[in-house]
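Numbering (my numbering), first residue to last: 281 to 431. For glycine and all other residues, C-beta sits at the position ideal for the given N, C-alpha and C. Following: one structure in structure tokens, then a few remarks.
Written out as structure tokens, the structure reads:
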């Protein structure tokens, strides 16, 4: 029993170590190949999905989360025995930024499931623009080695 527990702890530790290494390399890539620039949100599309713990409403064919209009979500939730607190929002954001490479404007996009109510068209955010490829940009999301840019 002790050997099994020791093995499980080693596996968990290994997975955590790999995650930290991956986040470190991502942070290093951002710091060496990208610079923070201002970007303007040009479009925000909000839709909803229903999830309570491990239970969720999925699409029949793909088994992926079923995204729907937020107006429709309460009716679907009650029909399948979920409450209104199980309805979650997802925002798909499109933004425009000036590239530091050629000073032309490009668009990028990202999706997030937290703090979606603060995302509105016209709001200024910070994104990471690539230093040599004008069409590449990224946002920081969940990396403990990089300060969150708010995007």
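Enclosing beta strand (DSSP E) for residue i [first to last residue]
i           : result
residue 436 : This structure does not reach residue 436, given that the chain is present from 281 up to 431, and the question cannot be answered.
residue 409 : 404-410
Beta-bridge partners of residue i, as assigned by DSSP
i           : result
residue 388 : 375
residue 345 : 338
residue 367 : 330
residue 418 : 408
C-beta contact flag for residue i and residue j at 8 Å
i           : j           : result
residue 375 : residue 416 : no
residue 345 : residue 356 : no
residue 391 : residue 370 : yes
residue 411 : residue 373 : no
Cα-Cα separation, residue i to residue j
i           : j           : result
residue 343 : residue 315 : 38 Å
residue 284 : residue 307 : 35 Å
residue 388 : residue 377 : 8 Å
residue 420 : residue 409 : 11 Å
residue 379 : residue 322 : 16 Å
Span of the alpha helix (DSSP H) around residue i
i           : result
residue 356 : 353-359
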